[in-house]
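These notes concern the structure reproduced below.
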Amino acid sequence: MTTTTFAAVSGVKQRSATTFDADLSAAWTIGGRPNGGYLLATIARAAGMVAGQPDVLAASAHYLRPPSPGPASVVIEPVRSGRTVSQLRGRLEQDGLPQVEALLTFGVLGGGEPFWRDGVPDPQLDAPRGARVETASPSGLTVALMDEIDLRLDRPILEVPTGRGELRGWLALPSDEPFDPVSLLFAIDALPPATADVAKSGWVPTLELTAYVRARPEPGPVRVLHRAHLIGDGRVDESCHVWDRTGRLVAQGTQLAGIRLD
């Protein structure tokens, strides 16, 4: 596992009041293209330097093109600055072309217990028991970021899928770096596509990704549940829930992705 932290590889350098330089890491790629959650986290790092509020609460990204590893820029446009929340628009560009467009909301995460909940899945906080997921996926795609993270699925992705469309696992960042609100944007997109438990396919590129950050996690790995819901017309929607080691829901997300079945 690398000794480079996620905070470092998703970090940005400020060029002007609203423009930032980024260096997209080749190590955080799937099939040579940077992971969508990693890209959203990079935009959020830049937005956090403009927002005037400490924590990202919500983020939604549309992926226009798959950027390549290497230099990129992030442009942040403040949309509204309020007393409790601020909204911003972020754009990641490469070679003068927009690659990802995002809207983000920043505010302050609380630390109290939830007032009410319903319909939240059971995290099933069993101890990690699976082997670490390797870089070679069942489809033959090289997932380089698996050399960076420690992801242990409850059960291996089977040669014959179960048909449930569900993956569960424990996720840790390099060098046991604690998750923060920004790195949780990566966590909701870190697992293999849940469609791997339905049918074999090639790359499943994210078209749109929405994330809600609900709480600051306790230090340690996070528990992730990734589910597919509807596959049709070459697209699939998936949901993701992330809990810290105490069972507190810290993030959730949904995404629409393209899919080409074998």
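Residues in the sequence shown are numbered consecutively from 1, following full-length UniProt numbering. For each residue, glycine too, the CB sits at the ideal point set by N, CA and C.
* Asked: The alpha helix (DSSP H) spanning residue 42 covers which residue range?
  -> For residue 42, the enclosing alpha helix (DSSP H) stretches over residues 36 to 48.
* **Cβ-Cβ distance between residue 168 and residue 150 below 8 Å** => Contact check for residue 168 against residue 150 fails: the beta carbons are separated by 8 Å or more.
* **Coil, strand or helix - residue 170 by DSSP** => Here residue 170 sits in strand by DSSP.
* Asked: Considering only residues of the same chain and omitting the five flanking positions on each side of residue 255, which have a CB-CB separation below 6 Å?
  -> The residues are 206, 209, 238.
* To do: Pick helix, strand or coil for residue 179, following the three-state DSSP scheme.
  => Note: residue 179 maps to coil in three-state DSSP.
* For residue 55, the three-state DSSP class (helix, strand or coil) -> In the three-state DSSP reduction, residue 55 falls in the strand class (E or B).
* To do: Kindly indicate the opening and closing residues of the alpha helix (DSSP H) around residue 7.
  => For residue 7, the enclosing alpha helix (DSSP H) begins and ends at 6 to 9.
* Touching or not, the segment 67 to 86 and the segment 46 to 54, by the rule of three or more beta carbon pairs under 8 Å? -> Because the criterion of three Cβ pairs below 8 Å is met, the segment 67 to 86 and the segment 46 to 54 touch.
* Run through DSSP, which three-state label would residue 151 get? -> Looking at residue 151 - three-state DSSP - the assignment turns out to be strand.
* **residue 64 beta carbon less than 8 Å from that of residue 99** => For the pair residue 99 and residue 64, the CB atoms are nearer than the 8 Å cut-off.
* Exposed or buried, residue 223, counting other C-beta atoms within 10 Å across all chains shown (16 or more means buried)? -> Residue 223 should be labelled buried.
* Residue from 258, 259, 249, 262 whose Cα sits closest to the Cα of residue 119 -> With distances taken between Cα atoms, residue 119 lies closest to 249.
* To do: Kindly list the residues whose CB is nearer than 6 Å to the CB of residue 123, restricted to its own chain and excluding five residues on each side of it in sequence; keep chain order.
  => Leaving aside the five residues that flank residue 123 on each side, the residues in its chain whose CB is nearer than 6 Å to its CB run, in chain order, 223, 243, 247.
* Pairwise C-alpha distance: residue 60 and residue 107 -> As the crow flies, the alpha-carbon of residue 107 is around 15 Å from that of residue 60.
* **At least three beta-carbon pairs within less than 8 Å, the segment 11 to 25 to the segment 174 to 184** => By the Cβ criterion, the segment 11 to 25 is not in contact with the segment 174 to 184, since fewer than three pairs of Cβ atoms, one from each stretch, lie closer than 8 Å.
* Could you give the residue range of the beta strand (DSSP E) that holds residue 23? -> Segment 19 to 24, the beta strand (DSSP E) holding residue 23.
* **Candidates 101, 198, 37, 173: closest to residue 227 by CA position** => Of the candidates 101, 198, 37, 173, the one whose C-alpha sits nearest the C-alpha of residue 227 is 198.
* How long is the line joining the alpha carbons of residue 26 and residue 79, rounded to whole angstroms? -> Annotation: residue 26 to residue 79 spans about 32 Å, alpha carbon to alpha carbon.
* Please work out which residues of its chain come closer than 7 Å, Cβ to Cβ, to residue 97, disregarding the five sequence neighbours upstream and downstream, and give them in chain order. => Only 65 meet the Cβ criterion.
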